[in-house]
Structure formats: C-alpha cells, structure tokens
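With full-length UniProt numbering, the residue at position 499 of the sequence shown is 499, and numbering never jumps.
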Amino acid sequence: MEKVSKEQTQEWAGVTATAFNLSNYDEMYRIADWKEEERVFSWYDTGKVNIAHEAIDRHAATWRKNKTALLFKDDHREESYTFADLKALSDKFANVLRSKGIGKGDRVFIYMPRCPELYVALLGIVKIGAIAGPLFEAFMEAAVKDRLEDSGAVAVVTTPALKKRILREELPELKYLILVGADAVGPGEVSYEQEMQSAPADFQIEWMDREDPYIIHYTSGSTGKPKGVVHVHNAMIHQHRSGRWVYDLREEDIYWCTADPGWVTGTSAGMFAPWLNGVTMVLRGGRFKPEDWYDTIQRFKVTVWFSAPTAFRMLMGAGVDVVKQFDLSSLRHILSAGEPLNPEVFRWGLQAFGQRIHDNWWMTETGSTMISNFPCLPIKPGSMGKPLPGIYAAIVDDQGNELPANRMGNLAIRAGWPGMMRQIWNNPAKYQEYFQINGWYVSGDSAYKDEDGYFWFQGRVDDVINTSGERVGPFEVESRLVEHPAVAEAGVIGKPDPVRGEIIKAFISLRAGYEPSDELKQDIARFVKTGLAAHAAPREIEFRDKLPKTRSGKIMRRVLKAWELGLPTGDLSTMED
Ligand code: ATP
Ligand code: MG
Numbered sequence: 001m002e003k004v005s006k007e008q009t010q011e012w013a014g015v016t017a018t019a020f021n022l023s024n025y026d027e028m029y030r031i032a033d034w035k036e037e038e039r040v041f042s043w044y045d046t047g048k049v050n051i052a053h054e055a056i057d058r059h060a061a062t063w064r065k066n067k068t069a070l071l072f073k074d075d076h077r078e079e080s081y082t083f084a085d086l087k088a089l090s091d092k093f094a095n096v097l098r099s100k101g102i103g104k105g106d107r108v109f110i111y112m113p114r115c116p117e118l119y120v121a122l123l124g125i126v127k128i129g130a131i132a133g134p135l136f137e138a139f140m141e142a143a144v145k146d147r148l149e150d151s152g153a154v155a156v157v158t159t160p161a162l163k164k165r166i167l168r169e170e171l172p173e174l175k176y177l178i179l180v181g182a183d184a185v186g187p188g189e190v191s192y193e194q195e196m197q198s199a200p201a202d203f204q205i206e207w208m209d210r211e212d213p214y215i216i217h218y219t220s221g222s223t224g225k226p227k228g229v230v231h232v233h234n235a236m237i238h239q240h241r242s243g244r245w246v247y248d249l250r251e252e253d254i255y256w257c258t259a260d261p262g263w264v265t266g267t268s269a270g271m272f273a274p275w276l277n278g279v280t281m282v283l284r285g286g287r288f289k290p291e292d293w294y295d296t297i298q299r300f301k302v303t304v305w306f307s308a309p310t311a312f313r314m315l316m317g318a319g320v321d322v323v324k325q326f327d328l329s330s331l332r333h334i335l336s337a338g339e340p341l342n343p344e345v346f347r348w349g350l351q352a353f354g355q356r357i358h359d360n361w362w363m364t365e366t367g368s369t370m371i372s373n374f375p376c377l378p379i380k381p382g383s384m385g386k387p388l389p390g391i392y393a394a395i396v397d398d399q400g401n402e403l404p405a406n407r408m409g410n411l412a413i414r415a416g417w418p419g420m421m422r423q424i425w426n427n428p429a430k431y432q433e434y435f436q437i438n439g440w441y442v443s444g445d446s447a448y449k450d451e452d453g454y455f456w457f458q459g460r461v462d463d464v465i466n467t468s469g470e471r472v473g474p475f476e477v478e479s480r481l482v483e484h485p486a487v488a489e490a491g492v493i494g495k496p497d498p499v500r501g502e503i504i505k506a507f508i509s510l511r512a513g514y515e516p517s518d519e520l521k522q523d524i525a526r527f528v529k530t531g532l533a534a535h536a537a538p539r540e541i542e543f544r545d546k547l548p549k550t551r552s553g554k555i556m557r558r559v560l561k562a563w564e565l566g567l568p569t570g571d572l573s574t575m576e577d
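If you want it as structure tokens, here you go:
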C-alpha cells in the first residue's frame, strides 16, 4: 500500500480544496483526524468563531473576494454575487436585525422561495449569533405555525405572498415580519429593501463559542412529527470535510446542490460545504422541470451536481432523449442523498450522463454526510458506501453489540462527531432517545455491512417487514419493483397477517403508457419472485396515480400503512399536495 506523505496530509488539510482522490481509502480512514480540519479555519489562530465568517468573510479578506460565490437564475432574474458582495450584504442585513433589538440566541426564521435574499438573510442571522430557522416555502398555515411556535421565533423573513400563511395573532413571541419585495404596511412589518438601503455597512460580527447553536432544522416528517434539530457552529468542521472528500469540491468547481435550504441538505451541503471551501455555487429558483435542470448544468457549466433519488427518478421518467438535447460535458461528479438510490437509477445515470451517481447517507440529526461512495472507491450499486474518515459507523443489535458482516441491524454511529446535533429544541427527552445504547447514536435506520465494509440500507427500523419468519427490508423490494418496465415508483409495507405475521404489500405508480390490470399485478409479483426471493414478492399490489411523499421527495410509508390499516395518518404537514 502506498504511504501517505506528510505533505499530502497537509495538502488535504489546507485551505485549497483537493480531491479525496485516494487509491487508499483505508489508509486515509486510519489517519484522518478532525484536528487537521480545524487548522483550515481562522479561529484556529484567532480563537474567534462564527461559521458565517468562515464561509464568507474569510474569503472576502483574500484574493477570493472577487471570486463568484453565487450564480443565481430563476424565471425572472439572473444574477451573480462575489464573496465580497455577500459579505457586504449579509453585514448590512445583520445590522438591520440588530437595529430591531434582535441578537444572540434569538430564533429568526426564513420562509421564502429560493433566491439570493434568502441566503443573505441566513448569513445575516448567523452573523449576529441568532439561530436561523429555514422553512420550505410550500408549507401551509398549520405547519408554519407549529414550527414558529415550537421554536419561539421572534422574526420571520418572508414575502408578501407567503405572509398570509403566518398566523401572527396566534404567535405572541413573533415581533417582526421582514418582507422581501414589498413595502411594509402592517404593525411589526419591515421592508427588506428599505432597511437594507439605510443600514450602515460597518458591522462587528458576533463571536461565538464553537458549541453555540447557529441553525435549527425541522426533520422531514417521514416517520412522525418533525423534530427541531439544533446544530452548532462547530459543524463547520464536518461540513468542510464532506465538501472536499464526499462532494469532491475543488477551487475551480461550479457546484449545484438542488436541495431547498428548508432541509438540512440545502444548508449543510447546499450552502456551507461549498462556501467553507471557497467554491462557487449555483442556485436555481422555480419549479422542477427536466429541461430547466439540464439547461442549468449547461448554462453554468456545472461540474459537481448534488440531487436526490426522487429527482433522478423523475429525470429518468423524462427519458434519455431530453438529456441528449443538452451539453452536460462539464459534469465531473454527481451525488445523491435523502433516500436510497435504487440500482436501476444508478444504472440509468451511467447511461444518461456517462457518470456514476455517488449515493451518500446522512440525517438532519447527523448534520452532514456520514457514509458515502467516494470518488476513489468502486461503487456497488444499491450500497450507500463507506463511512467518512473520522466517522465510526457500525451495525449493532438492541444491546449495542456490533454484529458480524451481512447481518441486518441498527445503523449506529459512535457519538461525538463535529456535525452531530446538540439538542432537539424543546424536547430533551426525544434527544436522549437517540443515545440510549452505550455510546452509540442510534439512527433508526436498518442496514447491514458487507464483508468489504460497504453499508446497505434496508429501511427504517420500524418499516422492516417480518414475513413467515424472514426479515425483509422494504428498500430491496422497492428497488426490484422499479426495475420492472411498468413501474415508476413503489412503496412497500408490511401488512399484519394471521398466518405469516406480516405480508408484503406494494403500492405502485405506473409509468406512462401502462394500465393497471390483474395480469400486470401477477407479472410484477413474479418479477420480484424470480429476481429477489419468493418470500420477498408482494402478496398484494395496489396501483395508485401517486404515492404519498414528503415535500423533500421521500415516500411516506407510514401514511401508506395508516391508509391500509385505517389508522390515523398523524402529522401530514410535510406531505406534498
Ligand atoms: P423524520 O425524522 O421527521 O421522520 P426523515 O427521517 O425523513 O424524517 P431526514 O432527516 O430528512 O428526515 O432524513 C433522514 C433519513 O433519510 C435517514 O434516516 C434515512 O432513512 C434516509 N436517507 C437519507 N439518505 C439516505 C441514503 N443515501 N440512503 C438511504 N436512506 C437515506
Ligand atoms: Mg428521521
């Protein structure tokens, strides 16, 4: 094995983004030390911490000041911002907030469509030491109220169209609405543009402790009521490393993460990972449309593209012919996270883009990528890859004992990595639940690790199906189902059965051109039986036009199950219309 030289180690730790292009994952895993990462940041010398400073101001004080930080396009605007521009704007916005008496520890939410002002606002909030709460624009009244109430938000940055969904009379702690693109009319309303015009440029950033919170993200609500997950400034260490080693970011990259900042992927991978590495990123406003997405890659010459299985499945549905109308030759690295990446989608990616899609696994709670397919490693389609150097992941039983290779169990992480959540807002008991087995953070996901150290996602622990004494992960069945030519998407649940314990029931949406029929059901069941296992074949199949999904695109199996069993569906605030 090739030895890693001291120079190389320093290069990896350096400010310049360098590919994690190791012929030698194992060696890197062995020597990786978070301390090396810390040396990148100015607080390592100054002792003064603020993640927004490290993401923006640090670069604005170097040759990168005139480097493009943000390339934006939607259906109406096309703009670009340098690191110096973002520093100046976020300083001003921070001054606006301070002038309202808002400061350290206050929760300030952002509820608006993706546009540069959203990012400026988020940076400004973090710069005064407040806690930013990004909310997805498609949330309706009850979802918005729940989150603002739970967090005790004092201000919301929003738009005139969305402010109607903020029930101010029911939120006594909410003092200000900061309106982007409108004059202030009502009491407590403030115009973003007017305030920015008169705000002073001079600003003293709030220096924080590494363990102080900077953001609160509510989870996707796939399994229940969304939790307010709190992350601290120290997360920058982890985000920076994911940026270099997982997203493979380099100085000259044009990076596009399609996730909305309302979800952790949109801030951790979509904002801080690139900016902490001084990398240019692309922001595409507006709704999903295959042509617009490919146009974005072509127009900005995107080199690194991060999206999600739901989007890749939709692109796959639109067909390879659409891909061929665009020049996507700039692409060097493609990533996916948020849900399992079906092998079928991986293979389609190879065909459509001539590239591997790199699946990586993490959670709102983990703050950044934990397990990944790295550029340097061969990919086993359907596997989420290996742990990020610095992260210890394992499959454990309910007592915390590590299980041998190929045994399904709890996917767990040795607690205490830099990006780990530090609290669930307002719910310390819930927080404790993650850490009940000696020293492990238990994810709630079920997986196994193969003899080569690759991790294979099986499903949520609660979704694992026990049929005739066999444990079946819904993901395996779903992945086989989508390989059938008629199947667009599939959600699989266990349905109680007096004889078998549970039987497998599949909910399926069909591709264009296919009609539901009993023959098709039988054909699909046979297809799973022959390709996977007889006991894994669905005994019941139901066709649906659409499957219930979260707004971040995840199939909501708990909703399928509740429908099936006639039970209450629980919190639906994050479900798509
Ligand atoms: P909630 O916690 O509110 O029920 P959620 O778990 O979907 O919702 P997130 O934190 O957005 O909220 O998602 C994390 C979950 O997404 C993981 O626990 C896992 O089940 C799934 N996930 C993320 N990335 C991957 C991946 N690469 N492969 C498989 N599953 C993934
Ligand atoms: Mg979760």
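We put the CB at the ideal spot given by N, CA and C, even for glycine.
Closer than 6 Å: residue i CB and nearest the ligand MG heavy atom
| i | result |
| --- | --- |
| residue 599 | Past the boundaries of the shown model lies residue 599; the chain is included only from 1 to 577, so the question cannot be answered. |
Near the ligand ATP: residue i beta-carbon under 6 Å from a heavy atom
| i | result |
| --- | --- |
| S446 | no |
| A337 | yes |
| K386 | no |
| K554 | yes |
| W361 | yes |
| F457 | yes |
| T364 | yes |
| P340 | yes |
| T223 | yes |
| P172 | no |
| P226 | yes |
Helix, strand or coil at residue i according to DSSP, with G and I counted as helix
| i | result |
| --- | --- |
| N342 | coil |
| D497 | strand |
| G319 | coil |
| S242 | helix |
| N426 | coil |
| D577 | coil |
| E402 | strand |
| H484 | coil |
| M271 | helix |
| A415 | coil |
| Y448 | strand |
| T263 | Here residue 263 is Trp; the residue named in the question, Thr, does not match the sequence. Looking at W263 - three-state DSSP - the assignment turns out to be coil, as it is neither helix nor strand. |
| S479 | helix |
| E542 | strand |
| L572 | coil |
| A394 | strand |
| E470 | strand |
| residue 583 | Residue 583 lies beyond the residue range present for the chain, which begins at 1 and ends at 577; the question has no answer from this structure. |
| K561 | helix |
| R98 | helix |
| E189 | strand |
| R551 | coil |
Distance cut-off 6 Å: residue i Cβ against heavy atoms of the ligand PLP
| i | result |
| --- | --- |
| I237 | Ligands present in the displayed structure are limited to the ligand ATP and the ligand MG, and the ligand PLP is not among them. |
Validate contact between the stretch 550-570 and the stretch 194-211 using beta carbons, cut 8 Å, 3 pairs
No, because fewer than three Cβ pairs between the stretch 550-570 and the stretch 194-211 fall closer than 8 Å, the two stretches do not touch.
Enumerated in chain order, which unbroken segments of the beta strand (DSSP E) with a length of 3 residues or greater are wholly contained in the stretch 115-168? Inside the stretch 115-168, DSSP marks whole beta strand (DSSP E) runs of 3 or more residues at positions 131-135 and 155-158, from first to last along the chain.
Check: Is it true that the stretch 283-299 meets the stretch 248-258, where meeting means three or more beta-carbon pairs spaced less than 8 Å apart?
Finding: At 8 Å Cβ cutoff, the stretches touch.
Q: Please confirm if the stretch 395-410 is in contact with the stretch 367-376, defined as three or more CB-CB distances below 8 Å between the two stretches.
A: Fewer than three pairs of CB atoms, one per stretch, sit closer than 8 Å, so the stretch 395-410 makes no contact with the stretch 367-376.
What alpha helix (DSSP H) runs, 4 residues minimum, are completely inside the stretch 10-85?
Entirely contained in the stretch 10-85, the alpha helix (DSSP H) runs reaching 4 residues are, in chain order, 25-31, 34-38 and 43-46.
If contact is defined by three or more beta carbon pairs under 8 Å, each pair taking one atom from either stretch, is the stretch 137-145 in contact with the stretch 110-119?
Counting Cβ pairs under 8 Å, three or more are found: they touch.
message: Which runs of the beta strand (DSSP E) at least 3 residues long sit entirely within the stretch 197-238? Give them in chain order.
response: Note on the stretch 197-238: whole beta strand (DSSP E) runs with a minimum of 3 residues are 213-218 and 228-232, in chain order.
- [ ] Any chance you could list the alpha helix (DSSP H) runs of at least 4 consecutive residues sitting entirely within the stretch 323-389, in chain order?
- [x] 343-353, all fully within the stretch 323-389.
Report task. Examine the Cβ distances between the stretch 562-576 and the stretch 220-232 and report whether three or more of them are shorter than 8 Å. Result -> With the cut-off at 8 Å, the stretch 562-576 and the stretch 220-232 touch.
Between the stretch 303-314 and the stretch 92-101, do three or more beta carbon pairs fall short of 8 Å?
The answer is no - the stretch 92-101 does not touch the stretch 303-314, with fewer than three Cβ pairs under 8 Å.
message: Count Cβ pairs between the stretch 534-553 and the stretch 174-193 that sit closer than 8 Å; are there 3 or more?
response: Taking 8 Å as the limit for Cβ pairs, the verdict is that the stretch 174-193 does not touch the stretch 534-553.
Indicate whether the contact test is met: 3 or more Cβ pairs, each with one atom in the stretch 379-398 and one in the stretch 447-454, closer than 8 Å.
Touching, yes, given that three or more Cβ pairs across the two stretches are closer than 8 Å.
Worksheet entry | the stretch 44-59 in contact with the stretch 227-240 per 3-pair CB rule at 8 Å | Taking 8 Å as the limit for Cβ pairs, the verdict is that the stretch 227-240 does touch the stretch 44-59.
### Query
Can you find at least 3 beta carbon pairs, one from the stretch 29-48 and one from the stretch 169-186, that sit closer than 8 Å?
Segments in contact, no.
> On the three-pair Cβ rule with 8 Å, is the stretch 454-474 touching the stretch 507-519?
Replying inline: No contact exists between the stretch 454-474 and the stretch 507-519.
- Would you say the stretch 307-326 touches the stretch 352-369, given that touching needs at least three Cβ pairs under 8 Å? Touching, yes.
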